[in-house]
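Trainee: Pasting a structure here, questions to come.
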Amino acid sequence: MDREPQTALLGSPPSAAAAVHPEETRQGLLSRDDNELADLGAKEAPEAAPLQGPLPTGRWAPAGSINGTYQRANLCLVALWLLSFIVLGASASALPPAMQLPEVIPLAAYAVACSVVHILLLFLQLRTKPASSASPRPPLSYLGGTAVSAVMWAGAVGCAVPMLLWTRRVRGERDESKTTYHCGKYSSGPCHPYTARAVLFERAVFVLVVSCLALTARLAQCYVLSGLWRRHFTPQEIKAARLHDAPAPGPRMSLRQAWLDGWRQGWTGGK
């Protein structure tokens, strides 16, 4: 009687766990570990830092990035804007004495017009991000304005060269009909003062030198912007550059409500 249950137990089929081959068990454990690692990597993937994200307002973008390229181009524009004031002062001060040398008047007038246009309109070209999320490059209107500005400054340099040549012959001209004792710091005795148009040569030198610097600043801006064509940017970098310096919507201020609040606080003593 006791041997029958034992025989039944011995004759029973092996369990499913005992029938699995050891090699298959090892492969199953490895595949399970691989699945766990893949799930862990999928969870950590969204937390990876992007190549270039939107930067807070007032921060300099990294060198070589889209926003950094625009910021360095803006530095060239600021330098060009400051140089325009020097050209304006030198050319405008040359107009009154140029009445005695009529061929210089249109040249100085062109330098005045060129500098005034850049002083008034140059800040319209300031950009810190691309125009669209599809391309890192500036719009065609920006490129057209840059090309026109470069041509204008090249014209200013071209006008300053003949202005310099024509005024060279009068740079030491003196008025023989007048006599003065104030001809120089180290001079003594009577002398003849310089004529009014003798200063035109100095003004022409200023206009020529500073116009060349302004043209150089504009060409430097073009070289900086050429990096947007020479480098390859991913769509994620372009979209991140587009979001750069995006101001958060602030609360709207009502002048009427502010006036009423101030009146109420003044009437109640600030309580």
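Taking my numbering, the leading residue of the sequence shown gets 254, the next gets one more, and so forth.
The C-beta atom is built at its ideal place from N, Cα and C for all residues, glycine as well.
Which runs of the alpha helix (DSSP H) spanning at least 4 residues fall entirely within the region 343-429, listed in chain order?
Mentor: Taking only runs of at least 4 residues, the alpha helix (DSSP H) segments lying wholly in the region 343-429 are 358-374 and 393-420.
Trainee: Output needed for Leu336: all residues of its chain with C-beta closer than 7 Å, excluding positions within five of it in sequence on either side, in chain order.
Mentor: Once the five neighbours on either side are set aside, the close Cβ partners of Leu336 are Val463, Leu466, Ala467 and Ala470.
Trainee: Would you check if the distance between the CB atom of Val414 and the CB atom of Pro350 is smaller than 9 Å?
Mentor: Not closer than 9 Å, so no.
Trainee: Specify the secondary structure class of Leu496 as computed by DSSP and reduced to three states.
Mentor: In the structure shown, Leu496 sits in coil (DSSP, three-state: anything other than H, G, I, E or B).
Trainee: Check each candidate in Pro383, Glu356, Ala400 and Gly317 and name the one with the smallest Cα separation from Leu375.
Mentor: It is Ala400.
Trainee: Helix or strand or just coil, what does DSSP make of Thr322?
Mentor: DSSP places Thr322 in helix when its eight states are reduced to three.
Trainee: With a threshold of 16 other CB atoms inside 10 Å of the CB of His485, please say whether the residue is buried or exposed.
Mentor: Exposed.
Trainee: Does the separation of the CB atoms of Phe338 and Ser368 fall below 9 Å?
Mentor: Yes, Cβ-Cβ distance for Phe338 and Ser368 is below 9 Å.
Trainee: Given that a residue counts as buried once 16 or more other Cβ atoms are within 10 Å of its Cβ, and exposed if not, what is Gly321?
Mentor: With 16 or more other Cβ atoms within 10 Å, it is buried.
Trainee: Please report how far the alpha carbon of Ala332 lies from the alpha carbon of Val423, in whole angstroms.
Mentor: Spanning the two alpha carbons is a distance of roughly 33 Å.
Trainee: Are the CB atoms of His371 and Met416 nearer to each other than 9 Å?
Mentor: No. Outside cutoff.
Trainee: Taking the CB atoms as reference points, tell me whether Val357 and Thr420 lie closer together than 9 Å.
Mentor: Result yes, Cβ atoms of Val357 and Thr420 sit closer than 9 Å.
Trainee: Given this structure, state the Cα-to-Cα distance separating Gln305 from Ser402, to the nearest angstrom.
Mentor: At Gln305, the pLDDT of 47 sits below 50, so the modelled position is not reliable; the number obtained from the coordinates is stated separately. Answer to the nearest angstrom: the Cα atoms are 32 Å apart.
Trainee: How is Gly515 classed by DSSP in three states: helix, strand or coil?
Mentor: Gly515: helix per DSSP, three-state reduction.
Trainee: Counting only runs that start and end within the region 457-497, where is the alpha helix (DSSP H) found for 4 or more residues in a row?
Mentor: List check, alpha helix (DSSP H) in window: 480-483 and 488-495.
Trainee: Looking only at C-alpha atoms, which of Thr521, Arg483, Leu478 and Leu496 sits nearest to Leu328?
Mentor: The option with the nearest alpha carbon to Leu328 is Leu478.
Trainee: Quick one: what's got a C-beta closer than 6 Å to Tyr323's C-beta in the same chain, skipping five residues either side?
Mentor: Within the same chain, Tyr323 has close Cβ partners Arg380 and Thr381.
Trainee: Tell me which same chain residues have a C-beta within less than 8 Å of the C-beta of Trp334, skipping the five on either side of it?
Mentor: Counting only Cβ-Cβ distances below 8 Å, and skipping sequence neighbours, we find His371, Ile372, Leu375 and Phe376.
Trainee: Output the distance between the C-alpha atoms of Leu418 and Ala387, rounded to the nearest integer angstrom.
Mentor: Distance between the alpha carbons of Leu418 and Ala387: 51 Å.
Trainee: I need the straight-line Cα distance from Ser344 to Gln378, nearest angstrom please.
Mentor: About 25 Å.
Trainee: CB-CB under 7 Å to Gly398, same chain, minus the five flanking residues each way: which ones, in chain order?
Mentor: These residues qualify, in order along the chain: Gln378.
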